[in-house]
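Be aware that the sequence shown starts at 38, since it is given in the working numbering, and climbs by one per residue.
Positions of the beta carbon are idealized from the N, C-alpha and C atoms, including for glycine.
The model shown is predicted, which means the values in this text are computed figures rather than measured ones.
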Amino acid sequence: MSDNSNSKAVPGWVNFLFWGALAGGVLVAIFSQGFLNQPDAVSVRDELGQRYVVPSIDIIPVRNAASIEAGKDTYARVCVACHGANLEGGVGPDLSDNEWWHQPAAETNLAKLVMNGVSAGEALGPNKVPMPARGGQPLSNEEVWQVIYYLSDQNGSIQKDAVPTGQ
Ligand code: HEC
Numbered sequence: 038m039s040d041n042s043n044s045k046a047v048p049g050w051v052n053f054l055f056w057g058a059l060a061g062g063v064l065v066a067i068f069s070q071g072f073l074n075q076p077d078a079v080s081v082r083d084e085l086g087q088r089y090v091v092p093s094i095d096i097i098p099v100r101n102a103a104s105i106e107a108g109k110d111t112y113a114r115v116c117v118a119c120h121g122a123n124l125e126g127g128v129g130p131d132l133s134d135n136e137w138w139h140q141p142a143a144e145t146n147l148a149k150l151v152m153n154g155v156s157a158g159e160a161l162g163p164n165k166v167p168m169p170a171r172g173g174q175p176l177s178n179e180e181v182w183q184v185i186y187y188l189s190d191q192n193g194s195i196q197k198d199a200v201p202t203g204q
């Protein structure tokens, strides 16, 4: 009729360490396998055969003679009606001078402006005339960037801050 000597022989703190280490190990396993190795959304789409499409606003074409020339063509087709054959302005403001209503006069800012257009509420000109997004034509972002390259090639007051994402 003696006490169960085994349970008396294991002090409480040893039990605590044992079960604590076990629980800790299980948690580490869950975190490293379950969370860190979780396939991300991109590779899931890849597995499904749907390539993840980077928003095209991030795709900035290379600046070279060809892209500037393409921008010139787009300008002559879309922008000329409001900004003039020589960027001298008309319904829209002069794009050849160094006065810019929409600061900063930097490529990234102007590309955003052209993509979004200028609503009547946002218009800074004296007559509050709006500008349609992309000049009212279904221009791709690449075409907009090419026009911006054309403008900054023609007008040195535009800061050349575009960083081409490469092709
Ligand atoms: C239907 C007329 C119209 C068309 C087409 C048009 N724009 Fe505009 N654009 C305007 C007007 C009006 C403004 C000025 C809005 C304001 O008052 O703030 C403007 C403003 C701008 C500005 C800002 C100028 C500044 O001083 O800050 C840029 C850059 C610009 N347009 C580029 C373009 C480009 C590039 C195209 C062709 C893709 C284009 N626009 C097509 C009417 C037009």
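| Query | Result |
| --- | --- |
| Y186 - DSSP class collapsed to helix/strand/coil | helix |
| Span of the alpha helix (DSSP H), counted from its first residue to its last, around C116 | Looking at the DSSP string, C116 is not in any alpha helix (DSSP H), and its letter there is neither H nor E. |
| Check: R171 C-beta below 7 Å from any heavy atom of the ligand HEC | yes |
| Short Cβ contact (8 Å threshold) for V128 with V166 | yes |
| Under the three-state DSSP convention, the category V155 falls into | strand |
| W138 and L124 closer than 8 Å at C-beta | no |
| Rounded C-alpha distance that separates S104 from N153 | 21 Å |
| 7 Å CB neighbourhood of E179 in its chain, flanking five on each side removed | I96, P98 |
| Counted within 10 angstroms of its Cβ, other Cβ atoms place T111 as buried (16 or more) or exposed | buried |
| Per-residue DSSP class, three states only, for A143 | strand |
| Under 8 Å between C-beta atoms of S133 and Q196 | no |
| Heavy atom of the ligand HEC within 7 Å of L176 beta-carbon | yes |
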